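Residue numbers (this note's numbering), protein chains in the order written: chain L, 132 to 490; chain G, 919 to 1305; chain X, 248 to 506; chain Z, 11 to 247; chain W, 4 to 325.
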């Protein structure tokens, strides 16, 4: 079993040089499956995963075939979930995938950066959702609305759009994006407050539908607030949205020996930015989970009445969870707007609602 | 045994890849699935036909032509993602598309980063070229001419004064409807209402408003998929006033969804004229029908021409480059210099990428069940407004 | 000192008068029991005290302060801890975490400190943890601290629920049928436990219980509810002899006269 | 052949080993009682018999036929009636509907009517309240309804789980009278009871459970006199 | 302005009823499934869509065979109900039952599954219709018999024969459902399972069977609503279920989820609100806020009502036992 699995990985490694095509990618995914699900000795499994990381990286570098990225994500999942892999291997391999493999692949095909950024944004949002749904047990289906609020917050001021209804010199310079990441935290938290204040008084299932409805309301507003005052530019969307200047980043990468061109510089920058954000969101998650807030949320999820009897006020505590989740979503929205340089409401009221369904 | 099989396959694939380094790819991007697929497919097939016909010429120059179709689902997000994919394939040197201005605007920002040229057979929103991106061109007219042209037709030719304006809350539909209203009111007419709706099924509230206002004509800036059922419900509820729309209505699907009886008599302007509007289009229509088994419609013809623009620019660039594969920037520059006698007329670009003289057609639905029977009422040829 | 003073409190549900003009006073350090047949309004009475229901009439004073119509969380913050008839633990949390939730109001960490896990947050967390552990040791559940609450045997769940209420550091503890489902031996242990926490933690205890032997043995005073009204109050021996109580509660002997 | 027999039954709730090899028998016409402290596995035993939980090991035989793999509703059809712990009345069905749903498997309207009348005879109180919603009844009335509902099935054996729970003493007496009356009419009863003294008074035989195991069994009289049982479950007085 | 409103009012109310009845029928599917399983069956909007598609196909293929429009419609309603009902059963069997069997306690799991099923059904129908007719938009065939129209009150209300049919059919369906739930043995069993599933099984009721039948009934009603929707609004597509779906669910919540008369009332109220604001918003706000805000208004009213009456219009306050 072990030998077969190792052999599969080795074959894939060879193929990643000789014939890095779709067929080979499927073989690689098969090898990954074998490494993850077959009964293997822990040491063999670890070796196997390391080999596959190398193989998928080379495969991506040589082909740019996006299937390889699925392999890397798969390895990440395997590293975080499979038992009995030494901790340092998990960390080293995980970091290697995130900081080396994906960028290497991205230089072969910048669409991989695009995908990586997408996956990263979704991952960060999902982690934010963990506070709301996972800990506090609030069925929030309007989560995407906060993402949109965040995205619009920066898009309006980071483009000439704000000039259409405000005095002043717009667009704001790109550096302001960092400032707006904080402002978006505030605006989305306030939006969360406004939505949560009525919605969180309701029972769980009602909350689901009310948030779904309110998510739709935000979309309708984005689509229609081009008159009487033009705030969102309606269905036309807003473009181009400013990005921060990254000369420092280019020279930094230059000193590291990484040469960037116009198709890769922002992509790598945003990719790393999203990674940093994920790290921060994870940290916040862990901190909150081990605090009185995290415990209060879980207590509310388990039994509202008993939680109240412990002195936990329901509405404020739920609101904090709701606003925390909203803020995470909002920050990612700012990054999304800057990375895409374009925001718009979804073109038609189809399922799933744009810009991104919370799942 | 199997390993050897893989090895052989691998070596073969490698060889193929090496042999293909002289490949030039031209992409199309249009909705190939979803509500607007009928229009999007015309764009893909029109471009494909042009490329098929040019293949022998390019083979003589030492290049293998390939078409890469992208489906944008009429969704800006998907369009941007596609654009990101495209700029990664160094063999892609030009793009025919898109259908929707809403997709073209953000996607072209991405393409502009690498100067990948696009020639649109359908984008009519002024913003598309008004940003003055060096890689963005179109061979059709603009909504800020199409809308006013419709307004003038309603005011001067039909001599109607009270109009009910509806749009579909998209970049295209709303833009067109606004341009229409502006000119119509400037001429002295009155827009009794200006309403946006994303509704796909229940048009009853709007029909009730129309019943209350009793306008002389309804102008609907939008796509056939919405105007079709709207028209059907309108007529079923006994309202008979004339209807007018823009090029979004220019599809036989409109007649199917509204029903021939209800569709009959509806006016529309289009920037992509029908086969009957162009003397040379007949032969093209026959080739198209022979190859794909269906009729070519306006956007198919324009996509054919748009592809030919890119092909001509490519040929010039290859020549200028001494027979070697040109860069994207070179192709983009050559596109602006093209002067081509196309099926749809003479194609020349101004410094924004607009066609120098665009044609606008006023049409009326015949309601015979055959879209080609639609009556060409008027052709207007106007230069793009210079702001 | 008077810990609790209830003044003619009434609660109606639709046409039903669940609690009817009930008044009573509980003094510091007392164990005060409320007994009565099922449906007499005992649990409703508790729910009025802890703010789950708002009385339609009357006032409730806690430590001299009017708490009529307060909310459950505010009642808890003021120092009223309680258990529930049908054990309401946080099943998916560990025993230790249940106690830590009980410490919620005493862990003063502002949100941003918790988010950033500042030194202040660490310090408070550490303190909370130590206190929770010592409480668990006190009630004898330390060896179970990492088990999920829902996996505990019944008796220990009852105990944990009381411990969780104690973590609030309440002045008044409301126990709703703590002996339900216990055998005589367990009930006896519970009796010892209640007496112990009363004296060692300086608590005042309000008790609802069906087990007459337990009630008679540990109560300082007893109030009897029947159909929502208080029909008797006094020391155990007085109540035991009260003819109205005997009639309403113990029945006239045989069956036959159903309900 | 016993009417009901459990052979070495092991039942789990998740990871908790709730029944650790229970074996017992109930003969036709008996009242058998299961006593023991809370968490001993009494309720789980009944739930295992009526199929609400599945044993991981062992057999349940009803009239000699293994039933432990059948779903609950099929076990009911064989003639096992269960009055669940906490009564579990359907709160938004009327008293009459609660009774009718008890006879869900019976299609003959006449038979249903007859049984309903029998139940009303046994509990006149229910007749008075027949149009009332189950949820509005008092605790004692709900217990009567739960018993009546099970009787509508005309079961061969009646499993009763803590019928005295939460009832005032006067009602407990009444319910126990009813149980004895039913037994005199020929019904077999398996009774789980917290109130061991009372249960052993009316039962023929008894089993004592502790932490998922049977630690003692025998005729009820003997058990009631057993000093160990007295000390542990009957209190010293 | 007031005059403008009054002139249209009878018409607006009438049209609101039609929409309201359709919402009511869809809402019943949500409310019944919720009553029994406490599950928001998001896939119900696709069950509705499948019913509509079935109706369109019946009209497409059987119109030449069945000369009488009313008979054809009856066939379409029956087929739509059957197809939608069976789909609902299938969805329950394949998606929800396995989860139930595994005893998943997390309420989010079935919810997310429902959303997944929803996607799956949309794309499945899109694929099938794409391959079969190469159509994305499906048009209900026009049948001459059903196209009549007349006016009432001197032209104040324009009424199509179709709308009358919609109202008659939906009233019949709603009455039938009420009878079924309150007066039949199956109805009693459904209510019993809804209140206490495991005790119901102690009565000899097979819960799985009752759940299946609940899905069948709810699905069939949704299917009928779909056919009527296609009849009255003429064009449908594979994604047409989403908006009516969430609105009907909103209606169910508005009326008090789990409560059958509540779902009907909620549907009617929501239909009226939507039509009312869709028509009058531009008039009321002098054109600043148009028809596009009709859903915003509907949702805001929902929230408003729930704030003051959290159990919904007819729902009973289920006070948790403390």
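Heads up, the beta-carbon is just placed ideally off N, CA and C, and yes, glycines get one too.
Source: prediction; values computed, not measured.
Query raised in the report: Closer than 8 Å, CB to CB, is residue 243/W near chain G or not?
Result: yes
**Report entry** Any C-beta of chain G under 8 Å from that of residue 285/W
**Finding:** yes
**Report entry** Selection from 1102/G, 953/G, 1125/G and 942/G that minimises the alpha carbon distance to residue 1175/G
**Finding:** 953/G
Query raised in the report: What runs of the beta strand (DSSP E), each 3 residues or longer, lie entirely inside the segment 74 to 103 of chain W?
Result: none
Query raised in the report: Would you say residue 953/G faces chain W, with C-beta separation under 8 Å as the test?
Result: yes
Query raised in the report: Which class does residue 1137/G belong to by DSSP, given the choice of helix, strand or coil?
Result: strand
Requested in this report: Would you kindly work out how many angstroms separate the C-alpha atoms of residue 1189/G and residue 213/W, rounded to a whole number?
Outcome: 59 Å
Query raised in the report: Is residue 275/X helix, strand or coil by DSSP?
Result: coil
Report task. Pick out the complete alpha helix (DSSP H) segments inside the segment 255 to 323 of chain W, 4 residues or longer, and give them in chain order. Result -> 263 to 287 and 297 to 311
Query raised in the report: If we cut at 8 Å on Cβ distances, does residue 302/W have a partner in chain L?
Result: yes
Requested in this report: Quick one: grab the DSSP three-state call for residue 1290/G.
Outcome: helix
**Report entry** Within chain G, the residues that residue 139/W reaches when beta carbons sit closer than 7 Å
**Finding:** 952, 953 and 955
Requested in this report: Decide if residue 500/X is buried, meaning its Cβ has at least 16 other Cβ atoms within 10 Å, or exposed.
Outcome: Below a pLDDT of 50, predicted positions are generally treated as unreliable, and residue 500/X, at 37, falls in that range; no measurement from the model is reported.
Report task. From the DSSP output, in three-state form, read off residue 477/X for me. Result -> strand
Query raised in the report: Taking Cβ positions, are residue 455/X and residue 281/X nearer each other than 8 Å?
Result: yes
**Report entry** Euclidean distance between Cα positions of residue 1301/G and residue 1252/G
**Finding:** 21 Å
**Report entry** For residue 1278/G, the three-state DSSP class (helix, strand or coil)
**Finding:** strand
Query raised in the report: Closer than 8 Å, CB to CB, is residue 1205/G near chain W or not?
Result: no
**Report entry** Any chain L beta carbon closer than 8 Å to residue 277/X
**Finding:** no
Query raised in the report: In terms of residues, what are the limits of the beta strand (DSSP E) holding residue 988/G?
Result: 982 to 989
Query raised in the report: How would you label residue 173/L, buried or exposed, when you count the other beta carbons within 10 angstroms and need 16 or more for buried?
Result: exposed
Query raised in the report: Is it true that the CB of residue 402/L sits closer than 8 Å to the CB of residue 244/L?
Result: yes
Query raised in the report: From the beta carbon of residue 938/G, is the nearest beta carbon of chain L less than 8 Å away?
Result: Low confidence applies here, because residue 938/G scores a pLDDT of 48, under 50, leaving its location unreliable; read the following figure in that light. No, because no Cβ of chain L sits closer than 8 Å to the Cβ of residue 938/G.
**Report entry** DSSP state of residue 503/X mapped onto helix, strand, coil
**Finding:** Any answer about residue 503/X is weak, because its pLDDT of 32 lies below 50 and its placement is not dependable; what the coordinates show is given next. DSSP places residue 503/X in coil when its eight states are reduced to three.
Report task. Taking C-beta pairs closer than 8 Å, name the residues in chain Z that residue 192/W reaches, listed in chain order. Result -> 111 and 114
Query raised in the report: When you compare only the Cα positions, how much space is there between residue 1260/G and residue 1226/G?
Result: 8 Å
Report task. Apply the 10 Å Cβ neighbour rule to residue 70/W and answer buried if 16 or more other Cβ atoms are within range, or exposed otherwise. Result -> exposed
Query raised in the report: Checking contacts by CB at 8 Å: is residue 1092/G closer than that to chain W?
Result: no
Report task. Just grab the DSSP bridge partners of residue 1259/G for me. Result -> 1264/G
Query raised in the report: Three-state secondary structure (DSSP) at residue 470/L?
Result: helix
Requested in this report: Can you give me the Cβ contacts of residue 431/L inside the same chain, cut-off strictly under 8 Å, excluding the 5 residues immediately before and after it?
Outcome: 267, 268, 438, 443, 445, 448 and 449
Query - Segment limits, beta strand (DSSP E) that includes residue 287/X - result: Here residue 287/X belongs to no beta strand (DSSP E), and DSSP marks it neither H nor E.
Query raised in the report: Under a CB-based cut-off of 8 Å, is residue 18/W close to chain G?
Result: yes
Query - Whether residue 460/L touches residue 256/L by CB criterion (8 Å) - result: yes
Query - beta-carbon residue 315/L near the ligand PLP non-hydrogen atom, thresh 7 Å - result: As presented, the structure is devoid of all ligands, the ligand PLP included, so that no description of it is given.
Query raised in the report: What do you reckon, are the CB atoms on residue 194/W and residue 139/Z nearer than 8 Å?
Result: no
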